[in-house]
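Worksheet: one structure, shown below.
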Amino acid sequence: MSTLAATTPRRAWGLRKPNVIPGFGLTLGFTLTYFSLIILIPLIALAIRSAGLGLDGFLKAASDPRVLGSLRVSFVTALIAASINVVFGTLLAWVLVRYRFPGRRIFDAVIDLPFALPTAVAGIALTAIYAPNGTMGALFAPLGWRIAYTPAGIVIAMIFIGLPFVVRTIQPILEEVSHEVEEASATLGANRFQTITRVILPSLTPAILTGFALAFARAVGEYGSIIFIAGNIPFVSEIAPLLIFIRLQEFNYVGATVIAVIMLLISFAILLLINLIQAWSRSRYGYGN
Amino acid sequence: MATKLRARAKRRISPTSERPLVQWLLIAISLAFMGIILVLPLYAVFHEAFSKGIGAYLAALTERDAQAAIRLTLLVAAIAVPLNVVFGLAASWAIAKFEFKGKAFLITLIDLPFSVSPVISGLVYVLLFGAGSFLGPWLKSYGIEVLFALPGIVLATIFVTFPFVARELIPLMQDQGTGDEEAALSLGANGWQTFFRVTLPNIKWGLLYGVLLCNARAMGEFGAVAVVSGKIRGQTTTMPLQVEMLYNEYNATAAFALASLLALLALVTLVLKSVLEWRFGEEIAAGSH
Chain A
45 MSTLAATTPR RAWGLRKPNV IPGFGLTLGF TLTYFSLIIL IPLIALAIRS AGLGLDGFLK
105 AASDPRVLGS LRVSFVTALI AASINVVFGT LLAWVLVRYR FPGRRIFDAV IDLPFALPTA
165 VAGIALTAIY APNGTMGALF APLGWRIAYT PAGIVIAMIF IGLPFVVRTI QPILEEVSHE
225 VEEASATLGA NRFQTITRVI LPSLTPAILT GFALAFARAV GEYGSIIFIA GNIPFVSEIA
285 PLLIFIRLQE FNYVGATVIA VIMLLISFAI LLLINLIQAW SRSRYGYGN
Chain B
112 MATKLRARAK RRISPTSERP LVQWLLIAIS LAFMGIILVL PLYAVFHEAF SKGIGAYLAA
172 LTERDAQAAI RLTLLVAAIA VPLNVVFGLA ASWAIAKFEF KGKAFLITLI DLPFSVSPVI
232 SGLVYVLLFG AGSFLGPWLK SYGIEVLFAL PGIVLATIFV TFPFVARELI PLMQDQGTGD
292 EEAALSLGAN GWQTFFRVTL PNIKWGLLYG VLLCNARAMG EFGAVAVVSG KIRGQTTTMP
352 LQVEMLYNEY NATAAFALAS LLALLALVTL VLKSVLEWRF GEEIAAGSH
């Protein structure tokens, strides 16, 4: 590779290493143009709109009680759902990687269902199940618990869409944890519980944190599977993405833009956090994903 | 003595595994959780769709607006998916075959749409082409409608499905390196011949995998499309939007009938995806989870 590259006379692009393979200008040019047109320019339009408000105008629009209420609902429910997902996601990943039982492959395939099932379909299906006369709703109704049309319904929908993120982040890392470490731990006198909590779980921590962050980020931004089951009562069960939608229908573009910018800033912060966790994980354990 | 030891060893469980009772308990909890969270909603879709008999089901699917929604969904996917395939091929070629500055940053940028809430993905196009924007009225003066029309729906769909093909191909092509291409070029093939006869056969299963996921999302997208569509019945309602409209009109059976087609799409996607993973796991493995 290096000898081939060294024989290439052309150095057309100062920013790349020379290479015999053609098409760099064409493919990178197309990539950047397409990215700019589809993603970058629209996002810049959003930034310009919000910059036009000035800091005072932005803060004034952001401190609207209904905006703050919707952000609180979104973040609290996403936090609860991501926490539940981490517990069950870790368990599912464990069972899938470590145990052999009939139907395991189907089990493994079904985990990805929330990636494949359109969110609106999931939304109406979950509503049908958790409504007071639905399969699950009827179980809880005699206890006086309502799930659909309350924040509990939002959490259920967020668990549904976030689950595969946790399982698919932990699964490959768990497959890499070597049996030798466990054998060493057992040889040194640890019981199974100690081996799991002190040897295996610590090496899974970066993956668990990443899975949590991914599930949380997805849940905060989710719209389709939530709006049917949520009830959408301002300050109680109205999520931030829905409020963006409502503001747009009122032609209140400023209001919609402000909520969007707050949510985007938080998503980017989460993205940064995930990258930091993985960099840390690579330096500490020698692998990440 | 030896036989006694062997008998004891047989009874003792492996020090790097759990007792069978614990194993079966964990498997049972996992299956119950999966059943309630993932499988029950899928079952509910088909149960509700056929709740008034097959006649009502077929009537709902053959109704004029439902047919228009199905056609629009297919059309949008037929435009958005190929564009993202071309982008994915170009981006992965540039990124995997060349070394250049800012490559890691570009890879992060390509994943960006996954961290943007679908509602915001639609909102950015409303800000770019809507009333009060610069582009919208200018295009309108030439008779081109973007919002509340096909172009807007296609743009929003491309935005949310943007990373699918690229993120599948980039790690795969990076894994494969440049040796095959260099061999083809040194034997006299030109760039296009190298791509179509060497690179494409190497990545075909990974590409198909990416297309599958991209298509499922394109046909099922709800939030982003809901913002830009304007929901003009029979004209700008895709299948998921039509499902929402029917559901909000208390026509649940028709809503679930249409939803069952989308659920079927999800199932077919999952089955094909699993088949690809089982049969060609090695050829699509790089970073596929």
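Protein sequences appear in the order of chains A and B.
Residue 206 in my numbering is what sits at position 162 of the first sequence, and the numbering runs on without skipping anything.
Residue 171 in my numbering is what sits at position 60 of the second sequence, and the numbering runs on without skipping anything.
Glycine residues also receive a C-beta, built at the ideal position from the N, C-alpha and C atoms.
Residue i: first and last residue of the uninterrupted alpha helix (DSSP H) it sits in
{"i": "residue 236 of chain B", "result": "229-240"}
{"i": "residue 393 of chain B", "result": "392-395"}
{"i": "residue 249 of chain B", "result": "246-252"}
{"i": "residue 302 of chain B", "result": "302-305"}
{"i": "residue 108 of chain A", "result": "No alpha helix (DSSP H) holds residue 108 of chain A; DSSP gives it neither H nor E."}
{"i": "residue 268 of chain B", "result": "261-272"}
{"i": "residue 307 of chain A", "result": "297-329"}
{"i": "residue 132 of chain B", "result": "131-145"}
{"i": "residue 257 of chain B", "result": "Where residue 257 of chain B is concerned, there is no enclosing alpha helix (DSSP H), given that its DSSP letter is neither H nor E."}
{"i": "residue 346 of chain B", "result": "Per DSSP, residue 346 of chain B belongs to no alpha helix (DSSP H) and is neither H nor E."}
{"i": "residue 152 of chain A", "result": "148-154"}
{"i": "residue 355 of chain B", "result": "350-359"}
{"i": "residue 197 of chain A", "result": "195-220"}
{"i": "residue 235 of chain A", "result": "No alpha helix (DSSP H) contains residue 235 of chain A, which DSSP labels as neither H nor E."}
{"i": "residue 85 of chain A", "result": "85-95"}
{"i": "residue 74 of chain A", "result": "68-79"}
{"i": "residue 316 of chain B", "result": "311-331"}
{"i": "residue 297 of chain B", "result": "290-297"}
Interface residues of chain B facing residue i [CB-CB closer than 8 Å]
{"i": "residue 156 of chain A", "result": "381, 384"}
{"i": "residue 63 of chain A", "result": "208, 209, 210, 289"}
{"i": "residue 139 of chain A", "result": "137, 138, 141"}
{"i": "residue 146 of chain A", "result": "Within chain B, no residue comes near residue 146 of chain A; the closest Cβ sits about 10 Å away, beyond 8 Å."}
{"i": "residue 161 of chain A", "result": "152, 153, 331, 373, 374, 377"}
Within chain A, partners of residue i - CB distance below 7 Å
{"i": "residue 134 of chain B", "result": "143"}
{"i": "residue 476 of chain B", "result": "With chain B covering 112 to 400 only, the question about residue 476 of chain B has no answer from this structure."}
{"i": "residue 71 of chain B", "result": "Outside the shown range of chain B (112 to 400) lies residue 71 of chain B, about which nothing can therefore be said."}
{"i": "residue 148 of chain B", "result": "203, 204, 207"}
{"i": "residue 156 of chain B", "result": "165, 169"}
{"i": "residue 279 of chain B", "result": "Going along chain A, no residue has its Cβ under 7 Å from residue 279 of chain B, so there is no contact; the nearest lies around 13 Å."}
{"i": "residue 327 of chain B", "result": "160"}
{"i": "residue 392 of chain B", "result": "Under the 7 Å cutoff, chain A gives no residues; its nearest Cβ is about 12 Å from residue 392 of chain B."}
Partner residues on chain B for residue i, Cβ-Cβ distance less than 9 Å
{"i": "residue 193 of chain A", "result": "Result: empty, since nearest Cβ-Cβ is about 14 Å, beyond 9 Å."}
{"i": "residue 119 of chain A", "result": "Per Cβ cutoff of 9 Å: no residues; residue 119 of chain A is ~13 Å from chain B at best."}
{"i": "residue 289 of chain A", "result": "230, 233, 234, 334, 337, 338"}
{"i": "residue 227 of chain A", "result": "126, 127"}
Amino acids of chain A, ordered along the chain, whose beta-carbon sits closer than 8 Å to that of residue i
{"i": "residue 307 of chain B", "result": "Under the 8 Å cutoff, chain A gives no residues; its nearest Cβ is about 12 Å from residue 307 of chain B."}
{"i": "residue 145 of chain B", "result": "136, 151, 154, 155"}
{"i": "residue 282 of chain B", "result": "Here the premise fails: no neighbours, minimum Cβ distance about 11 Å."}
{"i": "residue 312 of chain B", "result": "Within chain A, no residue comes near residue 312 of chain B; the closest Cβ sits about 17 Å away, beyond 8 Å."}
Contacts that residue i makes with chain B (C-beta to C-beta distance below 7 Å)
{"i": "residue 230 of chain A", "result": "126, 127"}
{"i": "residue 86 of chain A", "result": "235, 236, 239"}
{"i": "residue 132 of chain A", "result": "144"}
Where residue i meets chain A, residues with beta-carbon distance less than 9 Å
{"i": "residue 358 of chain B", "result": "164, 167, 168, 171, 272"}
- prompt: Which residues, taken in chain order from the segment 329-353 of chain B, show a beta carbon closer than 9 Å to some beta carbon of chain A?
  reply: 330, 331, 332, 333, 334, 335, 337, 338, 350, 351, 352
message: Quick test of the definition: if touching needs 3 or more C-beta pairs under 8 Å, does the segment 329-337 of chain B touch the segment 231-243 of chain B?
response: yes
The segment 132-140 of chain A contacting the segment 133-146 of chain B, beta-carbon criterion three pairs below 8 Å: yes
- prompt: the segment 249-273 of chain B: which residues have C-beta closer than 8 Å to a C-beta of chain A, in chain order?
  reply: 266, 269, 270, 273
message: Using 8 Å as the cut-off, can you tell me whether the segment 202-222 of chain A makes contact with the segment 143-162 of chain A, which would need three or more C-beta pairs spanning the two stretches below that distance?
response: yes
query: Can you list, in chain order, the residues of the segment 228-246 of chain B whose Cβ is nearer than 8 Å to any Cβ on chain A?
result: 228, 229, 230, 231, 234, 235, 236, 237, 238, 239, 241, 242, 243, 244
query: If you pair each beta-carbon of the segment 223-230 of chain A with each one of the segment 264-283 of chain A, do three or more pairs fall below 8 Å?
result: no
message: Below 8 Å, how does it come out for the segment 79-86 of chain A and the segment 308-315 of chain B: are there three or more Cβ pairs, yes or no?
response: no
- prompt: Quick one: any contact between the segment 69-79 of chain A and the segment 200-220 of chain B, if contact means 3 or more CB pairs under 8 Å?
  reply: yes
message: If contact is defined by three or more beta carbon pairs under 8 Å, each pair taking one atom from either stretch, is the segment 355-363 of chain B in contact with the segment 318-328 of chain B?
response: no
- request: Could you please tell me which residues of the segment 293-325 of chain A, in chain order, have their CB closer than 8 Å to any CB of chain B?
  value: 295, 297, 300, 301, 304, 307, 308, 311, 312, 314, 315, 319
- request: Can you give me, in chain order, the residues of the segment 91-109 of chain A that have a beta carbon less than 8 Å from any beta carbon in chain B?
  value: 93
query: Hey, is the segment 361-371 of chain B in contact with the segment 151-171 of chain B, meaning 3+ C-beta pairs nearer than 8 Å?
result: yes
field: Near-chain B residues of the segment 166-188 of chain A (beta-carbon distance less than 9 Å), N- to C-terminal order
entry: 166, 167, 168, 169, 170, 171, 172, 173, 178, 179, 180
query: Would you call the segment 209-225 of chain B and the segment 268-277 of chain B in contact, with 3 or more CB pairs under 8 Å?
result: yes
- prompt: Below 8 Å, can you find three or more Cβ-Cβ pairs linking the segment 260-274 of chain A to the segment 191-206 of chain A?
  reply: yes
query: Would you call the segment 93-106 of chain A and the segment 245-255 of chain B in contact, with 3 or more CB pairs under 8 Å?
result: no
query: Quick one: any contact between the segment 135-144 of chain A and the segment 217-227 of chain A, if contact means 3 or more CB pairs under 8 Å?
result: yes
query: Along the segment 70-82 of chain A, what residues have a CB closer than 7 Å to any CB found in chain B?
result: 71, 72, 74, 75, 78, 79, 82
query: Mind listing which residues of the segment 235-257 of chain A have their C-beta closer than 8 Å to chain B's C-betas, in chain order?
result: 236, 239
message: Tell me which residues of the segment 184-208 of chain B have at least one Cβ-Cβ distance to chain A shorter than 7 Å, keeping chain order.
response: 198, 201, 202, 204, 205, 208
- request: For the segment 363-375 of chain B, enumerate the residues whose C-beta is nearer than 8 Å to any C-beta of chain A, in chain order.
  value: 363, 366, 367, 370, 373, 374
- request: State whether the segment 182-193 of chain A contacts the segment 233-242 of chain A, with contact taken as three or more CB pairs (one from each stretch) at a distance under 8 Å.
  value: no
At least three beta-carbon pairs within less than 8 Å, the segment 149-157 of chain B to the segment 166-173 of chain A: yes
- request: Would you check if the segment 295-315 of chain A and the segment 255-268 of chain B touch, i.e. whether three or more CB-CB distances between them fall below 8 Å?
  value: no
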